[in-house]
Structures are given as structure tokens and as C-alpha cells.
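Protein sequences, first through last, are from chains F and R. Throughout, the numbering used here is defined as the position within the first sequence, counted from one, plus 8. Throughout, the numbering used here is defined as the position within the second sequence, counted from one, plus 284. Even glycine gets a Cβ: it sits at the ideal position worked out from N, Cα and C.
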Amino acid sequence: DTGVSQDPRHKITKRGQNVTFRCDPISEHNRLYWYRQTLGQGPEFLTYFQNEAQLEKSRLLSDRFSAERPKGSFSTLEIQRTEQGDSAMYLCASSPSGVGNTIYFGEGSWLTVV
Amino acid sequence: AQSVTQLDSHVSVSEGTPVLLRCNYSSSYSPSLFWYVQHPNKGLQLLLKYTSAATLVKGINGFEAEFKKSETSFHLTKPSAHMSDAAEYFCVVGGNSGYSTLTFGKGTMLLVSP
């Protein structure tokens, strides 16, 4: 069990550039989540996939954000035209189906927009 | 709708003394409740979870939490703090729908002094 892996771990980008993060969930998990965490705050839910279907999106996920999980395995989170307010840690997590199942988190991808 | 309130942003203890991290939740249905720990520059690790079985839940590293429905609380305790327990702790409420999205508290930073 390799756990949830995220890439890159750190990204510094200039305002206005596009960035993409990748998440590889635990292999047998069909649910995949993206969260965002800013300094001093708890993680906030962004979006959630069941297999390849994106089933829920937070109002935090503006039009500049897009997430995909094309084959129901890995997922990408793209941020277009980055703004300084996008600076945060982006956490990916995965879980099996079912209520109350443990959700396992990756170590996160830190984004700094300068 | 669901929410969680962590009553202390920081808790300071001495090594070897008890730890109490307080959490209150709000949920319109029977919740799943979790405590996660986050060490600096690390991902979130599950300490323990409550999913409507025993109200006293034992977790890893000697931590436990008691679900009290009448008080809507899920406080985290440990009899004797260790230096390695210094980290940020998040109380989390999970949905009771099929989607299991999590709502995090703002976190409690546990400081352990020698």
C-alpha cells in the first residue's frame, strides 16, 4: 500500500500562470477528494469523484479551477490564471465507497503564487 | 448541514501530563466523527473515528475520544503527553449520506514542553 501520492509537493508560480496538480489515490479506492488548506485553517472541501464521475463541487471551486479523473484512477486539479489568493496547500484524499469509511490523505501540494 | 467547533486554538501541556482537546459538533443526522493529526509539513493522519458503534473510541498512540450525544461533544484525550504528540489536531464531522464529505474544525495546536 503506497498511500495517496501527490505531485508536485511544492510549486511556486507567477500570478496569471496556470498550474496543474496530480493525485494518485490508493489503488482500490473509488472515491477521490480534493481539499484546500490555508495557513491557520482546517482543510476545506473542493470537490469529490466517485470513479470518473465528479459528483459534488464546493462553491469554493471557481471557474478557474477544474478537476478531472478521466479513467477513475489518478486525478488532476488545474488552476488557470492563478491569483495570490490561490496560495494554499491542496490536499488529495481517497476512500472506499460507503458511509463512515476512513478517508486517507496525501501529504499535499503547496502552491505559492507570487 | 454540519459544522464542528474546536474550542481551543492552542493547548500547552508538559510532557507526562494529560491532554484534553475539546470539540463540539453540529449535525442534522447521526454523524461520523473523526480526529486527524497533522505534523509540520506532513499530511493528515487519522487518529480515531466514531461511526455509531461504541461511544468510547480508542485510537493510535494512546489517544481516545468519547462521543456524547447529549452534549454534542467528541473530546480527544490522552493520559500522558509525549514530546512527539506536538502537532495540530483536527476534529472532523462526516456526512451521513453516501458521499461522506468531511467538515473540518479550525484545528488545535498542541504544544508539549519538557
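Does any residue of chain R have a CB that is nearer than 8 Å to the CB of Gly116 (chain F)? yes
Leaving out five residues before and five after Asn59 (chain F) in sequence, what residues of the same chain have Cβ atoms less than 6 Å from its Cβ? Asn38, Gly80
Decide if Ile20 (chain F) is buried, meaning its Cβ has at least 16 other Cβ atoms within 10 Å, or exposed. exposed
Shorter than 8 Å from the beta carbon of Phe73 (chain F) to some beta carbon of chain R? no
For Ile87 (chain F), the three-state DSSP class (helix, strand or coil): strand
Give the single residue among R:Leu360, R:Thr356, R:Gly327, R:Glu355 whose Cα lies nearest to the Cα of Gly343 (chain R). R:Leu360
Around the C-beta of Pro16 (chain F), are 16 or more other C-beta atoms found within 10 angstroms, so that it is buried, or is it exposed? exposed
Can you tell which of R:Val396, R:Ser397, R:Phe374 has the C-alpha that lies nearest to the C-alpha of Lys390 (chain R)? R:Phe374
Label Asp94 (chain F) either buried or exposed according to how many other C-beta atoms from any shown protein chain fall within 10 Å of its C-beta, with 16 as the threshold for buried. buried
So, is the C-beta of Pro51 (chain F) closer than 8 Å to a C-beta in chain R? yes
Tell me, please, whether the segment 294–306 of chain R touches the segment 28–43 of chain F by the rule of three or more beta-carbon pairs shorter than 8 Å. no
is_contact[Thr28 (chain F), chain R] using C-beta, thresh 8 Å: no
Nearest-angstrom Cα separation, counted from Ser66 (chain F) out to Arg23 (chain F): 23 Å
Exposure of Gly114 (chain F), with buried meaning 16 or more beta-carbon neighbours within 10 Å: buried
Taking the alpha carbon of Phe53 (chain F) as the point to measure from, which residue in R:Val377, R:Thr392, R:Thr339, R:Tyr334 has its own alpha carbon closest? R:Val377
Could you check if Glu372 (chain R) is buried or exposed, using at least 16 other CB atoms within 10 Å of its CB as the buried criterion? buried
Can Tyr112 (chain F) and Arg44 (chain F) be called in contact, C-beta distance under 8 Å? no
Tell me, please, whether the CB atom of Phe388 (chain R) is closer than 8 Å to any CB atom in chain F? yes
Anyone know if the C-beta pair for Ser293 (chain R) and Met393 (chain R) falls short of 8 Å? yes
Using only the alpha-carbon positions, how far apart do Ala61 (chain F) and Gln49 (chain F) sit? 28 Å
According to DSSP, is Ile344 (chain R) helix, strand or coil? helix
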